[in-house]
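Enquirer: Add 31 to a position in the sequence shown, counting from 1, and you land on the number used in the working numbering. Below you'll find the structure I mean.
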Amino acid sequence: MALVLALAMGPASAQQAGAPPAGNGMVQPWAITCSNQAGSDTMACTMTQVLVARDSNQRLIAATIFRPSPDAAALMRINLPHGILLQEGVDISIDDGAPTRVPITIADQNGSYATLELTANLVLALQGGGIINFGVKAGNGEAVRLQLSLKGFTSAFAKL
Numbered sequence: 032m033a034l035v036l037a038l039a040m041g042p043a044s045a046q047q048a049g050a051p052p053a054g055n056g057m058v059q060p061w062a063i064t065c066s067n068q069a070g071s072d073t074m075a076c077t078m079t080q081v082l083v084a085r086d087s088n089q090r091l092i093a094a095t096i097f098r099p100s101p102d103a104a105a106l107m108r109i110n111l112p113h114g115i116l117l118q119e120g121v122d123i124s125i126d127d128g129a130p131t132r133v134p135i136t137i138a139d140q141n142g143s144y145a146t147l148e149l150t151a152n153l154v155l156a157l158q159g160g161g162i163i164n165f166g167v168k169a170g171n172g173e174a175v176r177l178q179l180s181l182k183g184f185t186s187a188f189a190k191l
């Protein structure tokens, strides 16, 4: 599969919005989407950032942040590509911080998924950071690091 080969060839990296693509991928800024759920007067919003392969335009990783209910803690759903070792989970770190391992909980025809609760301390770290790193292992065991930019995270998160 071409995506697996692209992952095995090296890490993709994020860049600032408007900057030329860096590494093997292009990252888009945090996008906010809001909807009125089931006739409720309350708008439910999500924020998403996607890293796509520069040469194939395939999604390498996406992070979507949402609140399952208005007073619930925010969750980050991480959409990962096919061709990774599911049992290894995904290591998440901010800038050069220590990684936290998050289990991959489900996989389907669109990829695999991990979900992380955003504690108050983690939100503060994300707001103060520049890059969020996601480490996975390709099917051949090679470590792959994917990155998303945290530029604009604070203003997007405030809209949730």
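All C-beta atoms in this analysis are idealised placements derived from N, C-alpha and C, irrespective of residue type, glycine included.
Could you give the residue range of the beta strand (DSSP E) that holds G166?
Expert: Where G166 is concerned, the enclosing beta strand (DSSP E) stretches over 162–168.
Enquirer: Does the Cβ-Cβ distance between S143 and I115 come in under 8 Å?
Expert: A contact, by the Cβ cut-off of 8 Å.
Enquirer: With distances taken between CB atoms, is the gap from V133 to L155 smaller than 8 Å?
Expert: No, the pair does not count as a contact, with Cβ atoms beyond the cut-off.
Enquirer: Please determine, among G170, P112, T150, the residue with the shortest C-alpha to C-alpha distance to L177.
Expert: Among G170, P112, T150, the Cα nearest to that of L177 is on P112.
Enquirer: Per DSSP, what are the beta-bridge partners of V133 in this structure?
Expert: Answer is V121.
Enquirer: Where DSSP assigns a beta bridge to R176, which residues make up the other side?
Expert: For R176, which the question treats as bridged, DSSP gives the partners G166.
Enquirer: Measuring CA to CA, which of F97, I163, A93, P130 is closest to A75?
Expert: With distances taken between Cα atoms, A75 lies closest to F97.
Enquirer: For I135 and G120, which I take to be in contact (beta-carbon distance under 8 Å), what is that distance rounded to the nearest angstrom?
Expert: Between G120 and I135 the Cβ distance is about 6 Å, and since that is below 8 Å, they are a contact.
Enquirer: Along the chain, where does the alpha helix (DSSP H) that runs through L157 open and close?
Expert: First-last of the alpha helix (DSSP H) with L157: 151–159.
Enquirer: Could you give the distance in angstroms between the alpha-carbon of N67 and the alpha-carbon of K190?
Expert: About 14 Å.
Enquirer: Which value, in whole angstroms, describes the spacing of the CA atoms of P52 and L82?
Expert: Reliability of the predicted coordinates at P52 is poor, the pLDDT of 36 falling under 50, and the value obtained from them is presented with this limitation in mind. Roughly 10 Å between the two C-alpha positions.
Enquirer: Just verifying my parser: in three-state terms, what is the DSSP assignment at S100?
Expert: Coil.
Enquirer: For the alpha helix (DSSP H) holding S186, just list the boundary residues, first then last.
Expert: Residues 184–189.
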